[in-house]
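> Chains as they are written, first to last, in my numbering: chain A, 1 to 197; chain D, 198 to 394; chain U, 395 to 591; chain S, 592 to 788.
Glycine included, each C-beta is placed from N, C-alpha and C at the ideal position.
Computed from a predicted model, the values in this text were never measured in an experiment.
Please see the structure below; I have some questions.
4 protein chains.
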Amino acid sequence: MTSAPETRQRRRGQALETAIYDAVLAELAAVGYGRLTMEGVAARARTAKSSLYRRWNSLEDLVIAAVHHELPDVATVAETGDVREELLAALTLIADTLTGPIGPAVTSILGGMNQSPNLQAAARERIVAPRVRALQTVFERAAARGEIRAGAATPFVVQTGPAIVIHTCLVRGLELSTQDIEDIVDQVILPAVRPAS
Amino acid sequence: MTSAPETRQRRRGQALETAIYDAVLAELAAVGYGRLTMEGVAARARTAKSSLYRRWNSLEDLVIAAVHHELPDVATVAETGDVREELLAALTLIADTLTGPIGPAVTSILGGMNQSPNLQAAARERIVAPRVRALQTVFERAAARGEIRAGAATPFVVQTGPAIVIHTCLVRGLELSTQDIEDIVDQVILPAVRPAS
Amino acid sequence: MTSAPETRQRRRGQALETAIYDAVLAELAAVGYGRLTMEGVAARARTAKSSLYRRWNSLEDLVIAAVHHELPDVATVAETGDVREELLAALTLIADTLTGPIGPAVTSILGGMNQSPNLQAAARERIVAPRVRALQTVFERAAARGEIRAGAATPFVVQTGPAIVIHTCLVRGLELSTQDIEDIVDQVILPAVRPAS
Amino acid sequence: MTSAPETRQRRRGQALETAIYDAVLAELAAVGYGRLTMEGVAARARTAKSSLYRRWNSLEDLVIAAVHHELPDVATVAETGDVREELLAALTLIADTLTGPIGPAVTSILGGMNQSPNLQAAARERIVAPRVRALQTVFERAAARGEIRAGAATPFVVQTGPAIVIHTCLVRGLELSTQDIEDIVDQVILPAVRPAS
DNA sequence: CCTTAATCGAGACGGTACGTCGTGTCTTTAT
DNA sequence: ATAAAGACACGACGTACCGTCTCGATTAAGG
């Protein structure tokens, strides 16, 4: 007699971890960050809560890890010699992170940042910083090429792009089109760094 | 000596509501938004949970109402004839909202906005919009006076100030000094609207 | 255009009381004693809770009053000269009280008797006692006629009929047919009082 | 002196269950069935409500289980060869259940039986039936010995004893003395089954 | 190859908070 | 004066998750 193959292979280590990350993103898509629970993730991953707590101290840690696992490892912008082109590329990189498949997860994390210093630090370092660094690089290369005023790329100027993109998505709740990104670059960023004529 | 006032007057309507708002802010200061609970608010306000749920559908609604109750009713900027001065005033208005006594509550709300459309709509309308309108007015008056280029105050330009302020507080976790606000105005906003010389 | 006559005549005194009694019985039939609430009665009677509490101290009091209001005022058994006939009549009187339209209310009260001395006393005096007295009278008249042994109608013998009827309905959860009542009389009660042959 | 045992051993399974049963009876004795609550039981047992609901669906179920746990496992009457003696023993068994230490709990259950079919079925099967069976056995053995008329022990005759005992305790609110039980046997039950002389 | 140690899955446990319902009291408005 | 309406403070309900824990069952690795 052939009984049903009830005994699914028991996963461990890396395989289990990946399955959990998938479960986190699926659960995020299904119920949203607001209703995300350890219990739900464990159930969807068909694992035990203890296997989650053994690896991560909190739901936040788990979500950060899952998002980081899914994000493109490196976020760089190729040098084209045209500052406007490169700025568009860098901002698109940031916008895509917020509107792509794991966008909801990312915005959830950004929104939750003020609630816990740990989350804030982790998210800043592992999600925000790499992308801002790409932008920073764009400015530095443009300054080196003499395309923008030396010293124009102050911290606030560098943060302006990310700030507007995030603000538009998070606070205003709008989608960002290609045209929007061009507007941001043309109306706000470039005027701030354009060399005196 | 008078006997102990065992029979505290039962509060109703406006008086009760104010007491609840106070309790919300006290609780926020005590445990933070992350650990804020209806139960805790009710206990601190010495009222019943049902009296909370009768008025507000959720903790979020309650917090919004409490914050709105505490915020200055109108947020306007006096016309001085100098666009830079007025911009500084408008941005300071926004920054003060985030760093003042109920700053943590406000940032909590902003952070939670992406989690619920209701919260987003309410917060946008009751907290963000009035302050952005003040800024909008500054631009319009400056345009009328010819201080800035006509048509320069596009939506993205108007949102730039708020975006940077919020981004700095929320995502970067920094305080904003007076100097910082001046930098934002001088380095980012004014260049975007300054009339061609 | 005249608006709908929203303002139903406001009831007072006797009229209101009767309406409340009706509501109690309707509610009992609808949700059972276990889920009977002051709130529900008030809503069904379209009156205010205070109008209930002004008249009765508790739900139990209200139910007792409602049941008593609905029960036949006097419960007597006509003398026929035949003790068996009269016993059948007296037991049928009791059984009908438990199985008639307000049967559920009565059994609820009997079941709840042990929970409050007040309820017990009230129910005993206003519901049980009159019916047992009718039975008692039957025995006394039969003894006077010599149909049963003098002194045979001890307290336990008198209570036997009511006890079995109530026990059958309440504990065993069975309906009582005419045949059942005959069996009780023939198999248990009459043997206990029959004169020695 | 050993340090305070802050970390009370976490109880599980059987040990926890027994502690809960104790808490139920203690709570019953303290506040009565009418004011018995899951919350109170959990607090007294120093456990969580979820541990109660995991095992029992309702307060009623819990009380039944607690009572059943406390009751003598088997309720049998030894054969003595004398039907009167055995009847007294069987009825005493029933009376003791109602007047013993957990008497209030038992009467509460009997009183609540009509309120829920589940409770009724459970109580009938787990509390009433075993004791009535003991009585049934007494009749059967007496019939086999020829002490009583064959066929005299009809269902109603068997139920007469329990009915009177329960009725006396529950409805009339009286205690039952040894003499009372003798009276019930001598005045009601024996006359119904005594062989024609 | 077989033991041994790790770790997985399952779920019980003591908690906290949830959002709802009913209580009995009290106040207000309108007959 | 009292009916109707409903707010209020309170307590309990039954549920959902939390983070901890115990307990076999499974699996990889070492002797």
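#1: Got a sec, what are the start and stop residues for the alpha helix (DSSP H) residue 361(D) sits in?
#2: Indicate whether the contact test is met: 3 or more Cβ pairs, each with one atom in the segment 140-155 of chain A and one in the segment 163-170 of chain A, closer than 8 angstroms.
#3: Measure the alpha-carbon distance for residue 405(U) versus residue 214(D) and round it to whole angstroms.
#4: So, is the C-beta of residue 255(D) closer than 8 angstroms to a C-beta in chain A?
#5: Between the segment 272-288 of chain D and the segment 221-232 of chain D, do three or more beta carbon pairs fall short of 8 angstroms?
#6: Hey, could you find the ends of the alpha helix (DSSP H) residue 695(S) is sitting in?
#7: Along chain A, which residues have their Cβ under 9 angstroms away from the Cβ of residue 307(D)?
#8: Mind listing the chain A neighbours of residue 351(D)? Cutoff is C-beta to C-beta under 9 angstroms, in chain order.
#9: Under 8 angstroms, Cβ to Cβ, is there at least one residue of chain D near residue 40(A)?
#10: Does DSSP put residue 72(A) in a helix, a strand or coil?
#11: Flag residue 120(A) as yes if its beta-carbon sits less than 8 angstroms from any beta-carbon of chain D, otherwise no.
#12: May I ask you to verify whether the segment 527-543 of chain U touches the segment 459-467 of chain U, counting CB pairs closer than 8 angstroms and requiring at least 3?
#13: Residue 642(S) to residue 263(D), Cα distance in whole Å?
#14: Would residue 594(S) pass as an interface residue toward chain U - the criterion being a Cβ-Cβ separation below 8 angstroms?
#15: Within the present structure, is the beta-carbon of residue 12(A) separated from the nearest heavy atom of the ligand FAD by less than 7 angstroms?
#16: Determine the contact status of residue 775(S) and residue 752(S), defining contact as a CB-CB distance below 8 angstroms.
#17: Excluding the five sequence neighbours on either side, which residues of its own chain have a C-beta within less than 7 angstroms of the C-beta of residue 704(S), listed in chain order?
#18: Establish whether the CB of residue 573(U) and some CB of chain S are separated by less than 8 angstroms.
#19: Give me, in chain order, the residues of the same chain whose beta-carbon lies closer than 6 angstroms to that of residue 688(S); leave out the 5 immediate sequence neighbours on both sides.
#20: CA-CA distance, residue 391(D) and residue 340(D)?
#21: Please look up how many angstroms separate the CB atoms of residue 217(D) and residue 261(D), rounded, as I've assumed it's under 8 angstroms.
#22: Going straight from the alpha carbon of residue 163(A) to that of residue 39(A), what length do you get?
#23: Quick one: is residue 34(A) near chain D, going by C-beta distance under 8 angstroms?
#24: Considering residue 209(D), what are the terminal residues of the alpha helix (DSSP H) in which it resides?
#25: Which residue's Cα is closest to the Cα of residue 585(U): 520(U), 477(U), 472(U), 567(U)?
#26: Can you grab the Cα-Cα spacing for the pair residue 328(D) / residue 371(D), in whole Å?
#27: Examine chain A for any beta-carbon lying closer than 8 angstroms to the beta-carbon of residue 214(D), and answer yes or no.
#28: At the 8 angstroms Cβ level, is residue 786(S) part of the contact set with chain U, yes or no?
#29: Note down, in chain order, each residue of its chain lying with its Cβ closer than 6 angstroms to the Cβ of residue 95(A), except the 5 sequence neighbours on either side.
#30: Where does residue 283(D) fall in DSSP's three states?
#31: Would you kindly report the start and end of the unbroken alpha helix (DSSP H) that includes residue 722(S)?
#32: Expressed to the nearest angstrom, what Euclidean distance is found between the alpha-carbon atoms of residue 282(D) and residue 343(D)?
#33: Would a check of beta-carbon distances place residue 357(D) closer than 8 angstroms to chain A?
#34: Three-state secondary structure (DSSP) at residue 576(U)?
#35: Within the continuous alpha helix (DSSP H) that includes residue 57(A), where are the two ends?
#36: Quick one: what does DSSP say residue 199(D) is sitting in, helix, strand or coil?
Straight from the coordinates:
#1: Under the DSSP assignment, residue 361(D) falls in the alpha helix (DSSP H) whose first and last residues are 352-367.
#2: Taking a cut-off of 8 angstroms for Cβ pairs, the segment 140-155 of chain A and the segment 163-170 of chain A do not touch, as fewer than three such pairs fall below it.
#3: Pairing residue 405(U) with residue 214(D), the inter-Cα distance amounts to about 35 angstroms.
#4: At a cut-off of 8 angstroms, the C-beta of residue 255(D) has no neighbouring C-beta in chain A.
#5: The segment 221-232 of chain D and the segment 272-288 of chain D do not touch, with fewer than three beta-carbon pairs separated by less than 8 angstroms.
#6: Where residue 695(S) is concerned, the enclosing alpha helix (DSSP H) stretches over 694-703.
#7: For residue 307(D), the C-beta contacts it makes with chain A under 9 angstroms involve 111, 114, 170, 171, in order along the chain.
#8: Listed along chain A, the residues sitting closer than 9 angstroms to residue 351(D) by beta-carbon distance are 183, 187, 188.
#9: For residue 40(A), the answer is no, since every Cβ of chain D falls outside 8 angstroms of its Cβ.
#10: Residue 72(A): coil per DSSP, three-state reduction.
#11: Closer than 8 angstroms: yes.
#12: Two segments are said to touch when three or more pairs of C-beta atoms, one from each, lie closer than 8 angstroms; by this definition the segment 527-543 of chain U does not touch the segment 459-467 of chain U.
#13: Residue 642(S) and residue 263(D): Cα-Cα distance of roughly 37 angstroms.
#14: With a pLDDT of only 43 at residue 594(S), under 50, the local geometry of the prediction cannot be trusted, and no value is derived from it.
#15: With respect to the ligand FAD, the structure offers nothing, as it holds no ligand at all.
#16: Between residue 775(S) and residue 752(S), the CB-CB gap stays under 8 angstroms.
#17: Cβ neighbours of residue 704(S) beyond the five flanking positions: 710, 711, 714.
#18: Taking Cβ atoms only, chain S never reaches closer than 8 angstroms to residue 573(U), which makes this a no.
#19: Counting only Cβ-Cβ distances below 6 angstroms, and skipping sequence neighbours, we find 697.
#20: When only Cα atoms are considered, residue 391(D) and residue 340(D) end up about 10 angstroms apart.
#21: The C-beta distance from residue 217(D) to residue 261(D) rounds to 13 angstroms, too long to meet the 8 angstroms contact threshold.
#22: So the two alpha carbons sit approximately 34 angstroms from each other.
#23: Yes, its Cβ sits closer than 8 angstroms to a Cβ of chain D.
#24: Segment: none, residue 209(D) is in no alpha helix (DSSP H) and carries neither H nor E.
#25: Of the candidates 520(U), 477(U), 472(U), 567(U), the one whose C-alpha sits nearest the C-alpha of residue 585(U) is 477(U).
#26: Rounded to whole angstroms, residue 328(D) to residue 371(D) spans 21 angstroms at the Cα level.
#27: Residue 214(D) does not count as touching chain A.
#28: So no, residue 786(S) is outside the interface.
#29: Only 165, 176 meet the Cβ criterion.
#30: Helix at residue 283(D).
#31: Membership of residue 722(S) in the alpha helix (DSSP H) is indicated by the continuous run 720-736.
#32: For residue 282(D) and residue 343(D), the distance between alpha carbons rounds to 15 angstroms.
#33: Yes, residue 357(D) counts as interfacial toward chain A.
#34: Reduced to three states, the DSSP call for residue 576(U) is helix.
#35: Where residue 57(A) is concerned, there is no enclosing alpha helix (DSSP H), given that its DSSP letter is neither H nor E.
#36: Here the model assigns residue 199(D) a pLDDT of 40, short of 50, so the residue's position is not dependable and the matter cannot be decided.
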